[in-house]
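Under the numbering used here, think of the first position of the sequence shown as 311, with each following residue one higher.
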Amino acid sequence: LDNAIQSVVLEAPWFRSCQRLCAYICCSALREVDTSNLLSAILQSPLKEGDVQVRKKLYVPRVEDKNCHMRMLNISCMDDLVANSMNILEPAPIDADGNEREDVLQASDPVDLFLLPGRTFLPIFLI
């Protein structure tokens with residue numbers, strides 16, 4: 311099922327045309343859809359803008375404190391991810407060159423697509 315879902319996303323025109331994405335990294339303990347192939351494809355495939363090829367920009371979550379405050383930080387490769395105390399991959403706040411990672415809230419361009427790896431989403435109605 312995971313591969314089928316990832317294939318549908320990878321082949322979709324709305325995915326191919328997007329330039330800036332936020333994506334959650336799956337947690338197998340929560341039985342979420344595997345996003346590893348999607349993340350790798352985002353980081354490896356350039357997007358053509360006119361005659362120029364531009365790499366897609368990917369932001370992934372990092373839990374900042376015990377209150378579960380999160381920031382979506384830019385990564386450039388899968389090696390940017392390290393396991394946190396819950397064994398969930400997330401980016402370090404500083405990249406390999408010692409620079410602070412770009413936060414999606416400080417980015418100058420809007421996000422085109424947000425990917426969530428859930429298996430099932432149920433509507434909740436408040437009366």
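Positions of the beta carbon are idealized from the N, C-alpha and C atoms, including for glycine.
Computed from a predicted structure; not experimentally measured.
Exposure of residue i, with buried meaning 16 or more beta-carbon neighbours within 10 Å
i	result
I352	buried
N397	exposed
Q354	exposed
Q316	buried
Euclidean distance between Cα positions of residue i and residue j
i	j	result
A333	E410	19 Å
D389	A406	10 Å
A393	V414	21 Å
L311	P323	21 Å
D422	S395	30 Å
E321	A314	11 Å
G408	A339	32 Å
E412	C387	14 Å
Test item: CB-CB of residue i and residue j under 8 Å
i	j	result
I404	V370	no
V319	L348	yes
R326	K367	no
Proximal residues to residue i (C-beta, below 8 Å), its chain only, five neighbours per side dropped
i	result
L391	I335, V370, I385, L399, E400 and P401
E374	M380 and R381
Close beta carbons around residue i, own chain, < 6 Å, minus the five adjacent residues each side
i	result
R372	R381, L383, E400 and P401
F424	C332
C328	D422 and L423
Residues near residue i by beta carbon distance below 7 Å, same chain, minus five either side
i	result
D419	R330
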